[in-house]
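Which chain is which? The protein sequence lines are A and E, in order.
Numbers 1 to 113, taken from the numbering used here, label the letters of the first sequence in order.
Numbers 1001 to 1112, taken from the numbering used here, label the letters of the second sequence in order.
We put the CB at the ideal spot given by N, CA and C, even for glycine.
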Amino acid sequence: SQTIHQWPATLVQPVGSPLSLECTVEGTSNPNLYWYRQAAGRGLQLLFYSVGIGQISSEVPQNLSASRPQDRQFILSSKKLLLSDSGFYLCAWTGRGAGGGYTFGSGTRLTVV
Amino acid sequence: GENVEQHPSTLSVQEGDSAVIKCTYSDSASNYFPWYKQELGKRPQLIIDIRSNVGEKKDQRIAVTLNKTAKHFSLHITETQPEDSAVYFCAASIGGGFKTIFGAGTRLFVKA
């Protein structure tokens, strides 16, 4: 069966520090991968999506970047965090073809101080 | 791009009553409409979905309806229970689940 792993679960980082969040999927190949951010009490904002290795599409210009170095690995990064980067970051995947609902990772709660 | 509006933002019902959450979407090319439930501090989980070639779908106490002409879709929960308390998100996708856009969420409180 397919599983999605996301880490770390919680992170407190100072302003100006770098960020690296990692997401991996098991039990499937060639998934579509996504990064979403959820601000406190708000909806889910699509940040990046990827349809294949090295293929990244950005939905919102901001202080973050994403990379997909391997088929089932998706990384969210920042060189210098801002206070506004605080939030709940969720990785998700879908299969190819017929599509369907997302399976989300367990999320990373990032607090920038 | 696609935009999804959701209302109400907060909904409080008595246990056993019904709850209805409504959404509208902007892009007539959207063809897949999932609904997610998110409990406090946890990840959203898919609870039901509907595709554009279907007008209604039911799964036990939950049902979704879709009006493509009006670009409206709704979630109906009957016989609500305290464990239904959560945030519910509607969403829309052009690519059958690819690049899904979410509504802002509805916080549902079910009072025992």
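Nearest C-alpha to Ser1012 of chain E among E:Glu1039, E:Lys1068, E:Ala1086, E:Ser1093: E:Ala1086.
With respect to the 8 Å criterion, Cys1090 of chain E and Phe1109 of chain E are not classified as neighbours on the basis of their beta carbons. Secondary structure of Leu83 of chain A (DSSP, three-state): helix. Scanning chain A for C-beta atoms nearer than 8 Å to the C-beta of Ile1101 of chain E yields Leu46, reported in chain order. Per DSSP, Gly52 of chain A is one residue of the beta strand (DSSP E) stretching across 44-52. The shortest C-alpha to C-alpha distance from Glu1005 of chain E to any of E:Glu1056, E:Ala1112, E:Phe1102 is the one to E:Phe1102. Straight-line measurement puts the Cα of Glu59 of chain A at about 22 Å from the Cα of Val112 of chain A.
Under DSSP, Pro1034 of chain E takes part in a beta bridge, and its partners are E:Asp1049. With contact defined as three or more Cβ pairs closer than 8 Å, the segment 77-94 of chain A and the segment 1016-1031 of chain E are not in contact. A distance below 7 Å between beta-carbons, with the five flanking residues on each side excluded, links Gly1016 of chain E to the following residues of its chain, in chain order: Glu1079, Thr1080. When 8 Å is used as the limit between beta carbons, Arg42 of chain A is near these residues of chain E: Ala1104, Gly1105, in chain order. Chain-ordered listing is empty here: chain A has no CB closer than 7 Å to the CB of Phe1073 of chain E, the nearest sitting near 14 Å. In chain A, no part has a C-beta under 9 Å from the C-beta of Asp1059 of chain E; the shortest such distance is about 13 Å.
Of the candidates E:Lys1058, E:Ala1112, E:Glu1056, the residue whose Cα lies closest to the Cα of Pro1082 of chain E is E:Ala1112.
Non-local C-beta neighbours of Ile56 of chain A in its own chain, meaning closer than 7 Å and more than five positions away in sequence, comprise Phe48, Ser50, Ala66, Ser67, Arg68, ordered along the chain.
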